[in-house]
Structure formats: structure tokens, C-alpha cells
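A quick write-up on the structure given underneath.
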Amino acid sequence: LDMRMDPQNDVTAASIVNNYTEEELTRLFRDLGEEPAARRIASLIVKARKDAPFRETLSLARAIEKVVGRHGRRHPATQVFQALRMEVNDELGALAWGLRILTARLEPGARIAVIAFHSLEDRIVKNFFRERSREWLDRPEWPAPRRNPECDLKLITPKPVEPGEEEQRANPRSRSAKLRVAQKIE
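Mapped onto the working numbering, the consecutive letters of the sequence shown carry residue numbers 37 to 222.
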């Protein structure tokens with residue numbers, strides 16, 4: 037139960053599973069894993085770790101399967117492990133940081149294209165592109181709209197480009213992919 041991309045990182049999946057409160061685990065599985073049974077799984081983990089801490093992925097996966105049951109092709113622990121991996125590696129924070137750094141280094145006219153495979157990732161990209169392409173900002177408390185000092189992108193794809201049926205048949209993993217493109221304007 038490691039899941040670290042950087043071995044220097046102190047946080048592992050085991051440390052999260054064995055130390056987070058039930059509320060923290062519920063939030064994690066619900067928000068990052070979009071797991072419908074987040075509360076039941078978190079409760080199970082907190083109860084089970086009193087007997088022995090979780091050390092291996094297989095024991096955690098089996099425990100989750102007992103609580104949730106098995107329906108369809110996907111293993112019931114998939115969303116939980118996704119959430120753990122994303123938390124251990126701060127994947128959403130790294131994406132936001134990478135977008136800021138990359139945009140700052142782009143030359144005018146250069147394009148940035150991002151393929152997201154998860155709705156949370158896509159939301160970060162969509163909001164970043166939207167904020168950086170909005171020329172004017174307006175707030176109710178302001179007497180008039182103001183120019184956006186961070187406006188340095190132009191949206192090339194206002195809506196995400198998604199794979200067609202043929203692409204999905206040829207490449208089933210593409211089914212959740214969303215491509216967004218923006219161009220540096222300044």
C-alpha cells in the first residue's frame with residue numbers, strides 16, 4: 037500500500053488508510069474517487085484497522101469487496117484506489133501547478149493541449165483555461181468591469197473534444213478522454 041510516484045514523499049496509501057479519520061476517508065473517497073459507498077467503506081476501514089493496520093493492497097481490496105459486493109466488470113475497490121493514488125501524489129495540485137508553469141513559459145502563438153481522463157482533472161483544466169481567457173472580470177461590488185490581468189490565453193476548443201465511436205472501439209481506454217486546447221496570446 038504505497039502508491040507514491042516520488043519515493044521521497046512521506047505520505048503513502050498505507051499511512052492514509054491507517055491514520056485518516058472516518059470523516060477524512062469519506063471525503064477522500066467521495067471527492068477524489070467519486071465512490072457512492074464512500075461512507076460505508078470508510079467506516080469499514082476504521083473498524084478493521086483496529087485489529088490490524090492495512091499493509092497490502094490485496095487485504096484492503098478484499099475488505100472493500102465484502103462491504104460493497106461485486107457488480108459488473110470493474111472491481112469495487114477501483115475508485116478507492118484511484119482516490120488514494122491521487123491523494124498520495126497530490127495529482128490535482130500537480131496538474132494546477134503544471135498548468136501555471138507551462139502557461140508562463142509558452143511563447144505567444146504557442147498552444148497548450150491537455151487530455152484529461154477524469155472529471156476532476158477536466159474541471160481544473162476547464163476552469164484554468166476559462167479564467168486565463170476571460171478578458172474582463174465583473175463582480176457585484178465593483179462599479180464597473182475590470183480588465184483581467186491574467187488574461188493570456190485564447191480558447192481554441194470552447195467545448196472539449198471527445199473520442200468518437202470508432203476511436204472508442206479501436207481504443208476503449210479513450211472513452212473518458214477530453215481534450216482541451218488554448219493558445220498563448222500575449
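Just so it is clear, CB atoms sit at the ideal spot from N, CA and C, and this is done for glycine as well.
Leaving out five residues before and five after residue i in sequence, what residues of the same chain have Cβ atoms less than 6 Å from its Cβ?
{"i": "Q118", "result": "G69"}
{"i": "V104", "result": "A73 and P112"}
{"i": "L96", "result": "F90"}
{"i": "R75", "result": "T62"}
{"i": "R211", "result": "Q204"}
Report yes if the C-beta distance between residue i and residue j is below 7 Å; otherwise report no.
{"i": "V150", "j": "R216", "result": "yes"}
{"i": "A213", "j": "I192", "result": "no"}
{"i": "A49", "j": "M41", "result": "no"}
{"i": "E71", "j": "Q115", "result": "yes"}
{"i": "R85", "j": "N54", "result": "yes"}
{"i": "L61", "j": "I81", "result": "yes"}
Taking just the CA atoms, how far does residue j sit from residue i?
{"i": "A78", "j": "V47", "result": "18 Å"}
{"i": "K195", "j": "E171", "result": "18 Å"}
{"i": "L37", "j": "R175", "result": "46 Å"}
{"i": "N45", "j": "V161", "result": "25 Å"}
{"i": "K190", "j": "D126", "result": "28 Å"}
{"i": "P43", "j": "G145", "result": "38 Å"}
{"i": "I221", "j": "G129", "result": "25 Å"}
{"i": "E59", "j": "K102", "result": "21 Å"}
{"i": "R109", "j": "R66", "result": "21 Å"}
{"i": "P208", "j": "A152", "result": "15 Å"}
{"i": "K83", "j": "H107", "result": "24 Å"}
{"i": "P181", "j": "L173", "result": "6 Å"}
{"i": "R183", "j": "E177", "result": "15 Å"}
{"i": "F164", "j": "L142", "result": "15 Å"}
{"i": "L138", "j": "I148", "result": "8 Å"}
{"i": "V197", "j": "A88", "result": "47 Å"}
{"i": "I52", "j": "I100", "result": "16 Å"}
Within its chain, find whatever has a CB closer than 7 Å to the CB of residue i; leave out the 5 residues flanking it on each side and keep chain order.
{"i": "S169", "result": "C187, L189, K190, L191 and A218"}
{"i": "E92", "result": "L37"}
Which same chain residues, not among the five before or five after residue i, have their C-beta less than 8 Å away from its C-beta?
{"i": "T57", "result": "V82"}
Just to confirm, does residue i get its C-beta within under 6 Å of one of the non-hydrogen atoms of the ligand MG?
{"i": "K190", "result": "Annotation note on the ligand MG: not contained in the displayed structure, which lists no ligands."}
Checklist entry - Considering only residues of the stretch 176 to 200, which uninterrupted beta strand (DSSP E) runs meet the minimum length of 3 residues and lie entirely inside it, listed in chain order? => result The qualifying runs are 189 to 191.
Item to check | Inter-stretch contact (C-beta, 8 Å, three-pair minimum) for the stretch 123 to 134 and the stretch 196 to 203 | outcome: No, the stretch 123 to 134 is not in contact with the stretch 196 to 203.
Checklist entry - Is the stretch 150 to 169 touching the stretch 121 to 131, taking contact as three or more C-beta pairs under 8 Å? => result The answer is yes - the stretch 121 to 131 touches the stretch 150 to 169, with three or more Cβ pairs under 8 Å.
Next on the checklist: What ranges does the alpha helix (DSSP H) occupy inside the stretch 69 to 153, keeping only unbroken runs of at least 4 residues that lie completely in it?
Outcome noted: As far as the stretch 69 to 153 is concerned, its whole alpha helix (DSSP H) runs of at least 4 residues are 74 to 87, 93 to 104, 114 to 124 and 127 to 141.
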